[in-house]
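Chemist:
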Amino acid sequence: MKTLILILSIFLPSFIYSQTDAIDDFYDSHRFGEDNIKIKLGNSLLTIGSWFIEEPATRALVRKSNRARILISDEKPVSRREINYLINDIKRDGYESLALVRDGLDKVEVYMREDRKYIRNLLVIVEADESFVLASLDCRLTLDDIEAALDEEL
Amino acid sequence: MKTKFLFTLALLTGLSYYTTAQQSVLDQFFESHRDDTAFTVVNVSPKMFQMISRIDIEEDENGEISELIKGITGLRILVRDHGDGTKLYEDAFNKISRNGFEELLTVRDKGENIRFMVKEGNSADIIKQLVLLVGGADDFVLLDLTGNINLKTIGKLSKSLDVPGMEHLEKIEKH
């Protein structure tokens, strides 16, 4: 029994780490493309950015975000196969689909991962004929945070 | 005894496959056109409706729209706004009408055929599933709404959700 617990404790950290590997791997595998635009905003930058936001709820929402990443691929969009692999992987990681809208060759998919009452990750995948956008947000938001920010904007 | 048990088990297994096949005709129709670029596809998951239902809607003074959205568990829309939609309309109707749906309303409006089909819920005004079929000379719409849906207020949803095909829901209230 002790041996079993010891073996499991060795593998458990790698299992937890691998939960976010799918999106990390995707960013890593495409970040060096010549025609790709990569934007990464860490916690510090987001906090600094929030200083310039006047609306309090929107400012609070930005401050509760840990990391934002955007990958834009213009000339050579990502293949359908790679996108399908990514979607299958993130679903295994606990992401749930919120919405899908496709009009001709243009497609937008939104995914979310929750942890009890908090929204921990948001992912938007945009595919068009000649471009691809992947935007992800690591955060710790509640629906009240989102509602308050929406009320300010609307 | 053993033979009876095996027979019962086989019967139950077969029934479960049959039931699953019955429910998935609509799923199959959506799946078969999901990747067809001639169509516009909208799919809003139950999770999204759960989230929306917890957010206050400003224009909803009476709370009717909030109640309506709380009862919705899924929305799927398939739209083609070019080419003859009549054949698709007939094909979809033939498939769907054999799977437990009752016809609620049929309207012919400016050359378009509009059909509402439902699966009943717990009371006369509440339905579990609403399917809207529209077929005309140059368009086709298939809308599938699931949940506990109040027929008296469903038309208001078309104003709150600016989604192609939803405007036809107002016709339920008018008729």
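These protein sequences, in sequence, are chains A and B.
Heads up, the first sequence is in our numbering, so the first residue is 42 and it goes up one at a time.
Heads up, the second sequence is in our numbering, so the first residue is 16 and it goes up one at a time.
All C-beta atoms, glycine included, are put in the ideal place defined by N, C-alpha and C.
(1) Would you give the residue range spanned by the alpha helix (DSSP H) that residue 148/A belongs to?
(2) Residues of the stretch 132-146 of chain A in Cβ contact with chain B at a cutoff of 9 Å, in chain order, please.
(3) Measuring straight from C-alpha to C-alpha, what distance separates residue 46/B and residue 178/A?
(4) Under 8 Å between C-beta atoms, does residue 47/B make it to chain A?
(5) Give the range of the beta strand (DSSP E) segment to which residue 138/B is assigned.
(6) In the DSSP output, what is residue 129/B paired with across the bridge?
(7) Using a C-beta cutoff of 8 Å, does residue 60/B count as contacting chain A?
(8) Given a cut-off of 8 Å, decide if residue 150/B and residue 88/B are closer than it, judged by their beta-carbon atoms.
(9) Write down the C-beta distance between residue 91/B and residue 159/B rounded to the nearest angstrom, noting that I regard them as a contact closer than 8 Å.
(10) Whose Cβ in chain A lies nearer than 9 Å to the Cβ of residue 56/B?
(11) Cα separation between residue 65/A and residue 108/A?
(12) Can you tell me whether residue 162/B is helix, strand or coil according to DSSP?
(13) Please classify residue 63/A: does DSSP put it in a helix, a strand, or coil?
(14) Output the residue ranges of the alpha helix (DSSP H) runs that lie fully inside the stretch 35-65 of chain B and measure 4 residues or longer, sorted by chain position.
(15) To the nearest angstrom, how far is the alpha carbon of residue 111/B from that of residue 135/B?
(16) Taking 8 Å as the CB-CB cut-off, is residue 182/B touching chain A?
Modeler: Quick answer:
(1) Counting from one through the first sequence, the residue named residue 148/A turns up at place 107. Segment 147-156 is the beta strand (DSSP E) holding residue 148/A; no alpha helix (DSSP H) there.
(2) 137, 138, 139, 140, 141, 142, 143, 144, 145, 146
(3) Taking the second sequence and counting its residues from 1, one reaches residue 46/B at position 31. Taking the first sequence and counting its residues from 1, one reaches residue 178/A at position 137. The alpha-carbon atoms of residue 46/B and residue 178/A are separated by roughly 30 Å.
(4) On the second sequence, position 32 is the one that residue 47/B refers to. By this cut-off, residue 47/B is not an interface position.
(5) Reading the second sequence from its first residue, position 123 is the one you call residue 138/B. It is not in any beta strand (DSSP E) - residue 138/B carries neither H nor E in the DSSP assignment.
(6) The residue labelled residue 129/B in the question sits at position 114 within the second sequence. Beta-bridge partners assigned by DSSP to residue 129/B: 122/B, 149/B.
(7) By one-based count along the second sequence, residue 60/B stands at place 45. So, interface residue.
(8) Along the second sequence, one-based indexing puts residue 88/B at 73. Along the second sequence, one-based indexing puts residue 150/B at 135. Going by C-beta atoms, residue 88/B is not nearer than 8 Å to residue 150/B.
(9) In the second sequence, counting from the first residue as 1, residue 91/B sits at position 76. In the second sequence, counting from the first residue as 1, residue 159/B sits at position 144. The Cβ separation is near 4 Å, so the contact holds.
(10) What you label residue 56/B is simply residue 41 of the second sequence in a count that begins at 1. In chain order: 141, 142, 143, 144, 148.
(11) Within the first sequence, numbered from 1, the residue matching residue 65/A stands at position 24. Within the first sequence, numbered from 1, the residue matching residue 108/A stands at position 67. Straight-line Cα distance between these residues: approximately 12 Å.
(12) Taking the first residue of the second sequence as 1, we reach residue 162/B at position 147. Looking at residue 162/B - three-state DSSP - the assignment turns out to be strand.
(13) Reading the first sequence from its first residue, position 22 is the one you call residue 63/A. Helix at residue 63/A.
(14) 40-49
(15) As a first step, residue 111/B is located in the second sequence; it is residue number 96 there, counting from the start. As a first step, residue 135/B is located in the second sequence; it is residue number 120 there, counting from the start. Distance between the alpha carbons of residue 111/B and residue 135/B: 15 Å.
(16) Stepping through the second sequence from its first residue, residue 182/B is reached at position 167. It does not: the Cβ of residue 182/B has no partner Cβ on chain A nearer than 8 Å.
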